[in-house]
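**Q**
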Amino acid sequence: MRRSQPAKPKLLPRRINSVADLRAFQRVMAEALFRPLSAGEGLQGEWGDGRTTRSVAEEFVKPNKLLTSVERLEIYAKSYWYRVLDCLYEDYPGVRAIVGERRFMKLATAFLGEYPSESWTLRNLGSRLPGFIEGAPAFTAPHVELAAEMARFEWAQVVAFDGPALPVLTEDDVLDGGARLRVALQPYVTVMECEYPVDEFTLALKKRDTAALRGEASNAPTAMPKGNGKARPRLPRRERVHVAAHRQENNLYFKRLEPEAYAMLTALRDGRTLEAACARALRDADPAMDWAGRVREWFQTWQALGWFCRRAKRGRA
Amino acid sequence: MPANPYNNHTEYGIGIGLRVPHFRHILDKKPVVDWFEIISENFMVDGGRPLEVLDRILEQYKVVQHGVSMYFGSADKADREHLKRLKRLVKRTGTPWLSDHLCWGSVDGRYTHDLLPMPYTHGVARHTAAKIRGVRDFVETPICVENVSSYTEFHQSEMTEWEFLSEVVEMADCGILLDVNNIYVSSKNHGFDPYEYLDNIPHERVGQIHIAGHTKFKKYILDTHDHPVLDPVWKLYDHAIKLCGHTATLLEWDDRIPSFDEVHNEALKATQYLGEHAAKPAGQAEAVAA
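Below is the structure:
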């Protein structure tokens, strides 16, 4: 985890005539919004540099007849936290089910305190949650490994939903390349080795839950996301699985992979030639098996799914 | 003033926001709708279902892009990657004009994903206008800026919101997306006369109008887009149409979204206010639905 910087007083300009003044003003207001809400879902009382939040708010926010400066600022702080927490709440239902609703909100709040959004789109908000879970195990213990794997799997679904699709490798490409061919996996395909059957767990959750749609452009979330009141599901037992998250005709799918197939795909993804990938994938394979036939079937399936694309040449985008 | 440079000399009628719960209905039933407004950011993605749906909608309907994260009022420069993606989407949709909000929402590269109000000063107006011009020149499409609803005012402000809006759009030489619900919400939260606001903006620059519902709380009103349009907002809309003429109008309904027909029927209530100002009968204005 990153260490938080010592609090430096951010000074508000009395007049705003320049971009520097505007930036100083916006830093102070953003500071108020990015601070986690108090237990009562309001602004924290202390600003962190010896001043009270009230005194800072009164420097720039006008009160009106019904609301104090802090209360007016609080409307925006609540809106910010409800919005970003709701986003993680929707994107990580599996992690939520593993740790429980209350602990998930604590995890999400800590994560957002460490990693506020650095993108114009909320789509990317949770991209670093898997790493955060591993680096801050107290939030998910004793299910750290399962929670981190589930977070990776759920992020893979975000990628599979709207990740780019590159031109699919053609038969000619394959014939031209032969054994020395290097291919790439479509950017929307993620292959994973997991110590828990996260795919089955996800499907079990989907069966349990009714699909819910998030409002798209409403700018005013009015409440903290709350639990759905459904029973906590039974957590999966440890079992090593290999799985791909991908899409087909723009529908999201998970596909189980044999260990050798997973090894083959990761080798290809990492830039090995077809020949080298085969060698690596079958290094420890049972020699009694008809691997030639099996490999041919895998490739037929992967090619039909459109998983392969040309590898970008070095020095090119 | 139905057609002007800020809406690219178009005469659009009454539209509604394109929202996920209505995708299936629209694609299957192909209802007659003048135009759809899309949230640009929802389609500034690399692939997958969102773009497939958009392309199918574009085969049947006129689409106008509305953004929520350009943040013309942020001190930060516009994000280059964001601009490139926006321009790619503009080429895909052929939107005649673009809109986004007169607000800020990020600082030092950290995003609030909110439409935050600005301190209304001449210096801020100059900076904001310069950013709008920069975006318009990059994207090569007319821009209309939307007044936001707000819940706070600042000691540092030197003018009213409508004076600020007017100064920005004049300096940027851009259009206005006039949100009459936002004017109403802010007027109640800040205690100003919404008609004074409407009377004192450059009407010739209004390229589009938004209408929406809101929610009343004990001490303030929140712009929630989860209700039908309330009577005081319709009255304001009526006044706006008298001042601006027949203007492309869009109903925003973003939360607790009812059926497509309910949303569309609510939007079509605007027809009665367009009345004598209607350039074309609403519902028939260049509808291209099969």
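Sequences listed follow chains L and Y, in order.
Using my numbering, you'd call the opening residue of the first sequence number 95 and step up by one each time.
Using my numbering, you'd call the opening residue of the second sequence number 4 and step up by one each time.
C-beta: ideal position from N, C-alpha, C; glycine also.
1. Quick check on L:V178 - is its C-beta less than 8 Å from some C-beta in chain Y?
2. To the nearest angstrom, how far is the alpha carbon of Y:Y187 from that of L:G139?
3. May I ask which residues mark the beginning and end of the alpha helix (DSSP H) holding Y:H267?
4. Looking at the structure shown, is Y:M73 part of a helix, part of a strand, or coil, going by DSSP?
5. What first and last residue would you give for the beta strand (DSSP E) that runs through Y:T250?
6. From the DSSP output, read off the bridge partner residues of Y:Q68.
7. Since Y:S43 contacts Y:Q63 with CB under 8 Å, what's their CB separation in whole angstroms?
8. Just the chain Y side, please: which residues come within less than 9 Å of L:L297 by C-beta, in chain order?
9. Checking 8 Å against the spacing of the C-beta atoms, do Y:G216 and Y:V232 come in under that value?
10. Count the other C-beta atoms from every protein chain shown that fall within 10 angstroms of the C-beta of L:T146, then say buried if there are 16 or more, exposed otherwise.
11. Would you verify that the beta carbon of Y:Y198 is, or is not, closer than 8 Å to some beta carbon of chain L?
12. Any chance the segment 156–176 of chain Y sits against the segment 121–137 of chain Y, with 3 or more Cβ pairs inside 8 Å?
13. Counting only beta-carbon atoms, is L:E212 nearer than 8 Å to chain Y?
14. Return no unless some Cβ of chain Y is closer than 8 Å to the Cβ of L:T146.
15. Please classify L:P319: is it buried, with 16 or more other beta-carbons within 10 angstroms of its beta-carbon, or exposed?
16. Taking the beta strand (DSSP E) that Y:D182 falls in, what are its first and last residues?
17. Run down chain Y in chain order and give the residues with a C-beta less than 7 Å from the C-beta of L:P258.
18. Enumerate in chain order the residues of its own chain whose CB-to-CB distance from L:R39 is below 8 Å, with the five nearest sequence positions on each side excluded.
19. Let me know the beta strand (DSSP E) ranges lying completely inside the segment 319–405 of chain L, each 3 residues or longer, listed in chain order.
20. Mapping DSSP to helix, strand and coil, what is Y:R113?
21. Taking the runs of the alpha helix (DSSP H) that are 4 residues or longer, which of them lie wholly in the segment 201–261 of chain L?
22. Taking all protein chains shown into account, do 16 or more other C-beta atoms lie within 10 angstroms of the C-beta of L:A398, making it buried, or fewer, making it exposed?
23. Report the rounded CA-to-CA distance for Y:D234 versus Y:T218, giving the unit in angstroms.
24. Determine whether the Cβ of Y:W165 lies closer than 8 Å to any Cβ atom of chain L.
25. Look at the alpha carbon of L:L201 and the alpha carbon of L:A242, and state the distance between them as a whole number of angstroms.
26. Output, in sequence order along the chain, the residues in the segment 58–76 of chain Y whose CB is closer than 7 Å to any CB in chain L.
27. For L:A278, which three-state DSSP category applies?
28. Report the neighbours of Y:F141 on chain L: residues whose CB is nearer than 9 Å to its CB, in chain order.
29. Run through chain Y and tell me which residues come within less than 7 Å of L:L116, C-beta to C-beta.
**A** In short, the structure shows the following:
1. Yes, its Cβ sits closer than 8 Å to a Cβ of chain Y.
2. Looking at the backbone, the Cα of Y:Y187 and that of L:G139 are separated by about 32 Å.
3. Looking at the DSSP string, the run of the alpha helix (DSSP H) that includes Y:H267 is 263–271.
4. Here Y:M73 sits in coil by DSSP.
5. Premise fails: Y:T250 is in no beta strand (DSSP E) and is neither H nor E.
6. Beta-bridge annotation (DSSP): Y:Q68 is paired with Y:I41, Y:L101.
7. The beta-carbon separation of Y:S43 and Y:Q63, rounded to 19 Å, does not stay under the 8 Å limit for a contact.
8. Those do not exist, as L:L297 stays about 19 Å from chain Y at its closest Cβ, beyond 9 Å.
9. Taking a C-beta distance under 8 Å as the contact criterion, Y:G216 and Y:V232 qualify as a contact pair.
10. So L:T146 ends up on the exposed side.
11. Answer no: the Cβ-Cβ gap between Y:Y198 and chain L never drops below 8 Å.
12. Verdict: yes, contact present.
13. Yes, contact with chain Y.
14. It does not; no Cβ of chain Y falls within 8 Å.
15. Under this definition L:P319 is a buried residue.
16. Start and end: 178–182.
17. Those within 7 Å of L:P258 in chain Y are D49, G50.
18. This structure cannot speak to residue 39 of chain L, because chain L is shown only from 95 to 411.
19. Runs found: 335–342, 345–350, 402–404.
20. Strand, per DSSP.
21. Counting only runs of 4 or more, we get 223–229, 238–256.
22. By the neighbour-count rule (16 or more Cβ atoms within 10 Å), L:A398 is not buried but exposed.
23. Taking the straight line from one Cα to the other gives about 13 Å.
24. No, Y:W165 lies away from the interface with chain L (no Cβ there is under 8 Å from its Cβ).
25. Rounded to the nearest angstrom, the two C-alpha atoms are 12 Å apart.
26. Listed by position, the residues of the segment 58–76 of chain Y near chain L (Cβ gap below 7 Å) are V71, S72.
27. Three-state result, L:A278: strand.
28. Among the residues of chain L, none has a CB under 9 Å from the CB of Y:F141; the nearest is roughly 15 Å distant.
29. Within chain Y, the residues near L:L116 are A78, V127, H130.
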